[in-house]
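S.K.: For this note's numbering, add 11 to where a residue sits in the sequence shown, where the first one is 1. Just passing along the structure, written as C-alpha cells.
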Amino acid sequence: MCPIVSQLLCQTSFGGSHSNPATAALLLLLCLGFLPSEATCPPYCLCASDIISCSGRNLSTLPFDLPGFATRLDLSHNELTVLLPGWIPQPFDQLATLVLSRNSISRIEVNAFAVTPHLLHLDLSSNRLTLLNSSIFTGLKQLKELLLFGNQIVQIIPGAFSDLYSLQRLYLSGNRLTTFPQGIYWEPGGPRNLTFLDLSHNRLSEVPVQSLLSLTHQCGIYLQGNPLVCDCALLALLEYWIWKQYRPLVDFRGDYPCKDYSGPGPLCSEQGVWDMPVEAQAFQVEPGKWLTVPCPGLASLTEGRLEVFWITPSTVVNSTSSDPNDHLVVLPNGTLEIRGALIEDSGTYGCVAARGRHYNPYESVEVNLVVGNLSTANGLAHRSSTEHFNTAFTTLASCVISIILVLLYLYLTPCRCREGQGGGSRGCGGRAIVLCSDPREVESGQRRSNGKRVAFLEPQEENCDNGSPKTSSVNLGHVTTEGILKNGSRTVGQTLIDPAYMA
Numbered sequence: 012m013c014p015i016v017s018q019l020l021c022q023t024s025f026g027g028s029h030s031n032p033a034t035a036a037l038l039l040l041l042c043l044g045f046l047p048s049e050a051t052c053p054p055y056c057l058c059a060s061d062i063i064s065c066s067g068r069n070l071s072t073l074p075f076d077l078p079g080f081a082t083r084l085d086l087s088h089n090e091l092t093v094l095l096p097g098w099i100p101q102p103f104d105q106l107a108t109l110v111l112s113r114n115s116i117s118r119i120e121v122n123a124f125a126v127t128p129h130l131l132h133l134d135l136s137s138n139r140l141t142l143l144n145s146s147i148f149t150g151l152k153q154l155k156e157l158l159l160f161g162n163q164i165v166q167i168i169p170g171a172f173s174d175l176y177s178l179q180r181l182y183l184s185g186n187r188l189t190t191f192p193q194g195i196y197w198e199p200g201g202p203r204n205l206t207f208l209d210l211s212h213n214r215l216s217e218v219p220v221q222s223l224l225s226l227t228h229q230c231g232i233y234l235q236g237n238p239l240v241c242d243c244a245l246l247a248l249l250e251y252w253i254w255k256q257y258r259p260l261v262d263f264r265g266d267y268p269c270k271d272y273s274g275p276g277p278l279c280s281e282q283g284v285w286d287m288p289v290e291a292q293a294f295q296v297e298p299g300k301w302l303t304v305p306c307p308g309l310a311s312l313t314e315g316r317l318e319v320f321w322i323t324p325s326t327v328v329n330s331t332s333s334d335p336n337d338h339l340v341v342l343p344n345g346t347l348e349i350r351g352a353l354i355e356d357s358g359t360y361g362c363v364a365a366r367g368r369h370y371n372p373y374e375s376v377e378v379n380l381v382v383g384n385l386s387t388a389n390g391l392a393h394r395s396s397t398e399h400f401n402t403a404f405t406t407l408a409s410c411v412i413s414i415i416l417v418l419l420y421l422y423l424t425p426c427r428c429r430e431g432q433g434g435g436s437r438g439c440g441g442r443a444i445v446l447c448s449d450p451r452e453v454e455s456g457q458r459r460s461n462g463k464r465v466a467f468l469e470p471q472e473e474n475c476d477n478g479s480p481k482t483s484s485v486n487l488g489h490v491t492t493e494g495i496l497k498n499g500s501r502t503v504g505q506t507l508i509d510p511a512y513m514a
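Set out below in C-alpha cells:
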C-alpha cells in the first residue's frame with residue numbers, strides 16, 4: 012500500500028496546478044500509519060461506555076475491531092477453544108475484568124494474557140481445562156481474583172500460579188483434583204496474600220493437616236464435598252476448627268466427614284485418657300533450659316503413638332513426624348518438649364488432638380509460655396498497662412477542661428463593668444452604659460431631664476483594663492465629649508452640658 016501512496020504523493024506534490032498540500036499530508040500520514048481512527052463497536056456486540064459484551068454469539072475467535080478502551084470484556088457463552096499468545100489482536104491496557112466462562116477452552120498457552128497487564132478479575136469457569144501448565148498466567152501481576160471452578164482439572168503443574176503476586180481469591184471448586192495444591196502458598200513467585208481458597212467438591216481423600224493448621228489464621232480454605240478419609244488427624248483438625256469457629260467448616264458443617272466429631276468414627280479415644288479438664292495453663296522457663304508442656308485434656312502417661320499437633324508461634328510440629336534433633340519435639344504421649352528455650356519461643360501454644368468430644372466455649376486447648384524472668388515479664392506488662400492508663404486519663408482530662416473553657420466562653424460575659432468615682436462606668440463599650448449605669452444616677456437623670464435619656468449606641472473601643480481611670484471619647488453626630496469636670500458637668504468642645512442631659 013505504501014508504494015501506491017508514495018506514487019500518489021509524488022503526483023500530488025509535483026503534478027502541477029492540481030497539487031494540494033492537505034491531500035499530500037493526509038496521504039503521508041496514511042503511509043506512516045499515523046492516520047487517526049475512531050474505534051467502533053461490532054454489530055454483534057453490545058458496547059456501553061467502557062463495557063463490551065459479546066456474550067452468546069458463537070464466536071470461535073476474538074473480533075479484530077473491538078475498541079481498546081474497555082475496562083470490562085464479556086466473552087462468555089461462546090465457542091473459544093484455545094487461548095494462544097495472539098488470541099487478543101490488540102492491547103487492552105485498561106481492561107480490569109475479562110469473562111471467559113462457559114466456552115470450550117481446553118488449553119492456555121504461555122503469554123496468552125500478555126496484552127492485558129492490568130487485569131484484576133479473570134473468569135475461566137465452566138470450561139474444559141484438564142491441566143494447568145507452568146507460567147500460563149505470566150504477566151498478570153495485578154490479578155486479585157481467579158475463577159477456575161466447573162472445569163475438569165486433574166493436575167496443577169508447579170509454577171502454574173507464578174507471577175500472581177497479588178492474587179487474593181482462588182476458586183477451584185468442582186474439578187477433579189486428588190492432591191491438595193500446597194505449592195500455591197510456598198512456591199517462589201506464587202501468591203503472597205491469598206486469603207480465600209475454594210477446593211470444595213473435588214476428589215481429595217486426604218489433606219496435609221499440619222500445613223492446614225499453619226494456614227488457618229491466614230486464609231479461609233473450603234474443603235466440603237470431598238471424600239476425605241476420617242482418620243485421627245482429620246478428626247483433630249475438624250475438632251480444632253469447630254472450637255475456633257472456623258467459618259469454612261461452620262457454614263458447611265454437614266458436607267464434611269466425621270459429622271458429629273464425637274461419634275463412632277476412628278478409635279482415637281482408646282489411645283489416651285480424654286476425661287481430663289481442659290484448662291488454660293501458663294509456663295515459665297529460663298533461656299537455655301529444657302521444658303516439657305503437657306497437652307491440655309490428655310493424660311500425661313499414655314500408651315501408643317498419638318496424632319497430636321502443636322501450633323507454636325513459629326511453626327507446627329507433629330507427634331508422628333518429629334525429628335529427635337529438633338528444637339521443638341512432640342513426644343509419643345503428646346507432650347511438647349522444648350530443648351534449649353529461646354526468647355522468641357515466648358507466646359501462645361495450641362495443642363490439637365482428636366479428643367473425641369465437643370469443647371466448651373470457656374475451655375482452652377492453648378497454653379502460654381514465657382521464656383525469661385516471669386517477674387520481669389509481669390513488671391513490663393504492668394508498666395505497659397499503667398502507661399496506657401495514664402495516657403487515657405490525660406486525654407480524658409484534657410477533653411473535659413476544653414469543654415469547660417468553651418462553655419465559659421459561650422455563656423459568661425468576658426468584660427464586667429465596675430463603678431468608678433462619679434458613678435460613671437469605665438472599661439465598657441457605649442452599648443453597655445445603659446446596662447451598667449448606677450440606678451441612682453439613672454433616677455436622678457430622669458427627674459432632671461423630664462424622662463428623656465440619651466443612649467450611646469455607637470461602639471467604643473473595648474478595654475477590660477480596670478486600672479487607672481480613663482475617659483472615653485464618644486462621637487455623637489459632630490459633637491465629641493472630651494472629659495468630666497469636678498462639679499459633674501461634662502465638656503463638649505467649648506460648651507458645657509449639664510449632667511441632667513447625660514443619662
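Quick reminder that beta carbons are idealized off the backbone N, C-alpha and C, glycines included. Nothing here was measured: the structure is a model prediction, and the numbers come from that model.
Could you tell me the distance, in whole angstroms, from the CA atom of ALA511 to the CA atom of LEU419?
M.R.: Unreliable positioning characterises ALA511 in this predicted model, as indicated by a pLDDT of 47, which lies under 50. A coordinate reading is not provided.
S.K.: In whole angstroms, give me the CA-to-CA distance for LEU158 and LYS152.
M.R.: C-alpha separation (whole angstroms): 16 Å.
S.K.: Rounded to the nearest angstrom, how far is the Cβ of CYS3 from that of VAL340, given a contact under 8 Å?
M.R.: The requested residue 3 does not occur in the structure, where the chain is confined to residues 12 to 514.
S.K.: Using 9 Å as the threshold, is the C-beta distance between LEU181 and PHE207 below it?
M.R.: Contact flag set, yes.
S.K.: If you check the beta carbons only, do VAL411 and GLN292 fall under 9 Å apart?
M.R.: For VAL411 and GLN292, no; Cβs fall outside 9 Å.
S.K.: Which residue or residues does DSSP assign as beta-bridge partners of GLN166?
M.R.: Paired residues: LEU142.
S.K.: Which parts of the region 323–352 are runs of the beta strand (DSSP E), unbroken and 3 residues or longer, counting only runs that do not cross its ends?
M.R.: As far as the region 323–352 is concerned, its whole beta strand (DSSP E) runs of at least 3 residues are 327–329, 339–341 and 347–349.
S.K.: Apart from the five residues just before and just after PHE75, which ones in its own chain have a Cβ nearer than 7 Å to its Cβ?
M.R.: So the list reads PRO100, once near-sequence residues are dropped.
S.K.: Please classify PHE404: is it buried, with 16 or more other beta-carbons within 10 angstroms of its beta-carbon, or exposed?
M.R.: Classification of PHE404: exposed, given that the 10 Å Cβ count is below 16.
S.K.: Under 6 Å Cβ to Cβ from PHE124, same chain only, skipping five residues before and after it: list those, please.
M.R.: Contacts found: GLY150 and LEU151.
S.K.: Tell me the DSSP bridge mates of ILE1?
M.R.: Residue 1 falls outside the range modelled here, since the chain spans only 12 to 514, and no answer is possible.
S.K.: What does a CB cutoff of less than 7 Å around ARG187 pick up in its chain, not counting 5 residues either side in sequence?
M.R.: The residues are GLN163, ILE164, VAL165, ASN213 and ARG214.
S.K.: Take VAL382 and list the residues in its own chain whose beta-carbon comes closer than 7 Å to its own, dropping the five residues that flank it on each side.
M.R.: Within the same chain, VAL382 has close Cβ partners VAL296, PRO298, ALA352, LEU353, ILE354, ASP356 and SER357.
S.K.: Within its chain, find whatever has a CB closer than 6 Å to the CB of VAL110; leave out the 5 residues flanking it on each side and keep chain order.
M.R.: ASP85, SER87 and ASP134, listed in sequence order.
S.K.: Assign ARG9 to buried or exposed, taking buried as 16 or more other Cβ atoms, counted over all protein chains shown, within 10 Å of its Cβ.
M.R.: Since the displayed the chain opens at 12 and closes at 514, residue 9 lies outside it and no answer follows.
S.K.: Please classify GLY283 as buried or exposed, where buried requires at least 16 neighbouring CB atoms within 10 angstroms.
M.R.: Because the pLDDT at GLY283 is just 46, under 50, the model does not fix this residue reliably, and the point stays unresolved.
S.K.: Taking only the alpha-carbon atoms, compute the straight-line gap between SER145 and SER71 and give it to the nearest angstrom.
M.R.: One C-alpha to the other measures close to 25 Å.
S.K.: Please state whether DSSP places SER112 in a helix, a strand or coil.
M.R.: If DSSP states are grouped into helix, strand and coil, SER112 belongs with coil.
S.K.: Take the Cβ of GLU250 as the centre, count every other Cβ of all protein chains shown within 10 Å, and call the residue buried at 16 or more, exposed below.
M.R.: Per the 10 Å Cβ criterion, buried.
S.K.: Could you tell me if LEU130 is buried or exposed, where buried requires 16 or more neighbouring beta carbons within 10 angstroms of its beta carbon?
M.R.: LEU130 is buried by the Cβ-count criterion.
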